[in-house]
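**Student:** Residue numbers (this note's numbering): 17 to 105. Here a beta-carbon is modelled for each residue, glycine too, at the ideal position from N, C-alpha and C. My structure is below; once you've seen it, I'll send some questions.
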């Protein structure tokens, strides 16, 4: 009877650890999805503003981030805030 109580207590601890791990993973995936949405919005805005394909706009955004040594998400957010313009981004 005592060993059953200990095992169920251990199981609960493992379940709690698993829940914490899954919650952490979910938060990470939500953050990644949000960053992807911002990058997609910036790509679309650049594509419309400069009348280029989304593929070319994506490449332009990534090249700009590399050349400015900036985080892609941060640059994308600034570009979206500027209506697709890199000026002031």
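For the region 89-101 against the region 50-66, are there 3 or more C-beta pairs whose distance is under 8 angstroms?
**Tutor:** yes
**Student:** Taking the alpha-carbon positions, what's the residue 83 to residue 76 distance?
**Tutor:** 10 angstroms
**Student:** Alpha carbon to alpha carbon, what distance is there between residue 98 and residue 64?
**Tutor:** 13 angstroms
**Student:** Does the Cβ-Cβ distance between residue 61 and residue 100 come in under 8 angstroms?
**Tutor:** yes
**Student:** Helix or strand or just coil, what does DSSP make of residue 30?
**Tutor:** helix
**Student:** Tell me which residue opens and which closes the alpha helix (DSSP H) that residue 78 is part of.
**Tutor:** Residue range 70-83 is occupied by the alpha helix (DSSP H) that includes residue 78.
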